[in-house]
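Peer 1:
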Amino acid sequence: MSSSVGFPSLDALIDATDAHAHGVKVVMATDLLALAVLKPPGELGADIVVGSAQRFGVPMGYGGPHAAFLATSQEYKRMMPGRIIGVSMDSTGKPALRMAMQTREQHIRRDKATSNICTAQALLANMAAMYAVYHGPEGLKAIADRVHGLAGTFALGLKKLGTVTVQELPFFDTVKVNCDDAQAIADAAYKNEMNLRILDSNTVTVSFDETTTLEDVDKLFNVFACGKPVTFSAESLAPEVHSAIPSGLVRESPYLTHQIFNSYHTEHELLRYLHRLQAKDLSLCHSMIPLGSCTMKLNATVEMMPVTWPSFSDIHPFAPLEQTQGYQEMFNNLGELLCTITGFDSMSLQPNAGAAGEYAGLMVIRAYHIARGDSHRNVCIIPVSAHGTNPASAAMCGMKIVPVGTDAKGNINIEELRKAAEAHKDNLSALMVTYPSTHGVYEEGIDEICKIIHDNGGQVYMDGANMNAQVGLTSPGSIGADVCHLNLHKTFCIPHGGGGPGMGPIGVKKHLAPFLPSHPVVATGGIPAPEEAQPLGTISAAPWGSALILPISYSYIAMMGSKGLTCFKDSHPECKLYGETVRESLSYSFPRC
Ligand SMILES: *Cc1c(COP(=O)(O)O)cnc(C)c1O
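Counting from 1, position 496 in the sequence shown corresponds to residue 496 in full-length UniProt numbering; the numbering is continuous, with no gaps.
1) Sort Gly545, Tyr556, Thr438 by Cα distance to Phe318 and report the nearest one.
2) Under DSSP, the beta strand (DSSP E) around Leu70 begins and ends at which residues?
3) Rounding to the nearest angstrom, what Cα-Cα distance links Gly335 and Tyr327 in this structure?
4) Among the candidates Ala244, Cys450, Asp47, Ala395, whose CA atom is the shortest distance from the CA of Asp145?
5) Hey, out of Val87, Met89, Met80, whose CA is closest to Asn116's CA?
6) Using 7 Å as the cut-off, classify the Cβ of His489 as near or not near the heavy atoms of ligand 1, replying yes or no.
7) Check each candidate in Ala189, Thr205, Ala188 and name the one with the smallest Cα separation from Phe172.
8) By Cβ distance below 8 Å, which residues in the same chain neighbour Thr257 in space, the five residues on each side in sequence not counted?
9) Just to confirm, are Ile453 and Tyr435 a CB contact at a threshold of 8 Å?
10) Identify which residue in Ser233, Asp407, Pro528, Ser518 has its Cα closest to the Cα of Ala542.
11) For Arg377, does the count of other Cβ atoms within 10 angstroms reach 16, so buried, or fall short, so exposed?
12) Residue range of the beta strand (DSSP E) that Pro59 falls in?
13) How about Ala420: is its Cβ closer than 7 Å to a heavy atom in ligand 1?
14) Under 8 Å by Cβ, that's how I've got Met432 and Ile494 pegged, so tell me the actual separation to the nearest angstrom.
15) Are there three or more Cβ pairs, one per stretch, closer than 8 Å when the segment 350-359 is compared with the segment 68-82?
16) Work out the CA separation of Arg110 and Leu516 for me, nearest whole Å.
17) Just to confirm my understanding: we take Leu270, look at its own chain, exclude 5 residues before and 5 after, and list those with CB closer than 6 Å. What are they?
18) Three or more C-beta pairs closer than 8 Å, one from the segment 361-376 and one from the segment 470-477: is that the case here?
19) I think Met467 touches Thr491, with their Cβ atoms under 8 Å apart; what is that distance to the nearest whole Å?
20) Decide if Cys380 is buried, meaning its Cβ has at least 16 other Cβ atoms within 10 Å, or exposed.
21) Give me the Cα-Cα distance between Pro254 and Lys94, rounded to the nearest whole angstrom.
22) Under the criterion of a Cβ to heavy atom distance below 7 Å, does Asn468 qualify as lining ligand 1?
23) Three or more C-beta pairs under 8 Å: does that hold for the segment 276-283 against the segment 208-218?
24) Do you know how far the Cα of Thr30 is from the Cα of Pro351?
25) Ligand 1 heavy atoms versus the CB of Cys397: any closer than 7 Å?
26) Which partner residues of Lys176 appear in the DSSP bridge assignment?
27) Assuming Ser236 is part of the alpha helix (DSSP H), what are its boundary residues?
28) Would you report the Cα separation of Leu150 and Gly457, rounded to the nearest angstrom?
29) Check whether the segment 233-243 and the segment 173-183 are in contact - that is, three or more C-beta pairs closer than 8 Å.
30) From the DSSP secondary-structure annotation, give me the bridge partner or partners of Ser88.
31) Could you check how far apart the C-beta atoms of Gln218 and Ser236 are, in whole angstroms? I think they sit under 8 Å.
32) On a CA-only basis, which of Glu303, Ala68, Met347 is nearest Ile549? Give me that one, please.
33) What number of angstroms, rounded off, separates the C-alpha of Ala128 from the C-alpha of Gly57?
34) In this structure, what does DSSP give as the bridge partners for His485?
35) So, with DSSP's three-state summary, where would you put Lys25?
36) Are the beta-carbon atoms of Ala188 and Val223 separated by less than 8 Å?
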């Protein structure tokens, strides 16, 4: 989302360098477009830099999906999560790309991993990268200069009007304005189809981006004039506008010097480049995609189309709720459908992927124990057959992990589990169990497993990433789990985009519903909302995570209906997967279908 970029004073920056002298590390949050004109954090001495790449051509989408970035100096690169690609030489002496650091992945390091992230934002990172490839360093600088110029024109116009006070702060794209009645100004802007941010009763901020026009700035002048005639236009002011960036913070170093960012600046050249890259991939155009446990589906074109509709894609995550009624209706319907499918009472659409759902679900369990005065419950039992994200997520939540073995067939060793649960019964927080397991096994003792955990004071977290094997046949709720996540990018048709985006909503039983995550700007919580909320806090930057891709899962469920979703049963009528809890048919039907 277009961020507000304010500058710390130059003194503060000198202090940041001072931080090193005192052994303190410096993390800077930044905006990529601003860095086309600003001295980069690395040159200011930051150790780590973070931010969002949304600005680089990715729609707001009511909050996501967007790629974030994390960069660090050489010194810390071995502590980075994920994989790092290095340049090497192949056997013929040509430069080749090589995976330089693979072992950081949670699959290999499990509870020692530095991150639990598995599905990330690969597709969005590629979109942002291609935006930079297409525009190149000069194009980006032109866009940044224009955005800064629009903000500067706005600030200059307000000074001429004299009805409000522009705060004398350096800015890139966001101008802070003092006024008598912030709400009245915001209301007037609203009537002109513009949303302003109200900071407090006397302050608003106005942000500009690539899509803003001079006409938009004229409209803003009329709003801020409060009825006074405006005797100038944004265009007429433009020649008088000067940079508001302090000279010490102006960027002088070159960037994006690699030839990739300096080669494809026309549409047909970019198209050919993208096509060459695409031709190297094995995709559904050539064959089935040989991926294992991910129960991924065909991504039908009709499911994908709504993602491009402006009424879904062009909405700011903090837009007033009355402007997002369609989204709200979809969240409610989808949440209730997923509750029916999972046998749970409430669903949170905030987590951005399966692993984020695991983290959120474990934090829900933690909040539940704390609310009951059991804050000491921090032991998490995890079978060795679990997906690597399970121990990594439990470690992120500060839990103590107790592994439990499996037998030759891959089933959980129930006696070992019983012993572990009893030995830790005073501090048992949760079991994380994948069902069916990563080996593809439907644990026959699953209800006994759930009972053992409950009898010893723990909660059952079911990893529902492979929900396709349960939909319509059984459900985590009916098996006895208390919380589970779904991977909408595996079971419910969101394309996996070479590693992401995804959505990992979590479903919970009634007793856990009050603890589902909320958001400090837009109150959220479970769907349907529980009676009394005691939210654990916030899991994602946006209130409903990567909202823009939810229409994909919603339309998939709509088109399949309850019979279609239970496809496995129709094609394997003899299969008795789960004894008596196999449902004859799902009791839900889709609204309006
Ligand atoms: C894919 C998967 C996860 C992790 O989900 P992400 O969306 O990649 O974070 C967790 N558990 C299992 C069993 C999975 O298959």
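Quick reminder that beta carbons are idealized off the backbone N, C-alpha and C, glycines included.
Peer 2: By the coordinates alone:
1) Gly545
2) 68-72
3) 12 Å
4) Ala244
5) Met80
6) yes
7) Thr205
8) Pro137
9) no
10) Ser518
11) buried
12) Careful: Pro59 lies outside any beta strand (DSSP E) and carries neither H nor E.
13) no
14) 23 Å between Cβ atoms; not a contact.
15) no
16) 26 Å
17) Tyr134, Tyr264
18) no
19) 4 Å
20) buried
21) 27 Å
22) no
23) no
24) 23 Å
25) no
26) Thr205
27) 234-237
28) 59 Å
29) no
30) Ala96
31) Checking the displayed sequence, the identity of residue 218 turns out to be Asp instead of Gln. The pair is not a contact, with the Cβ atoms about 10 Å apart (cut-off 8 Å).
32) Glu303
33) 6 Å
34) Asp463, Ile506
35) coil
36) yes
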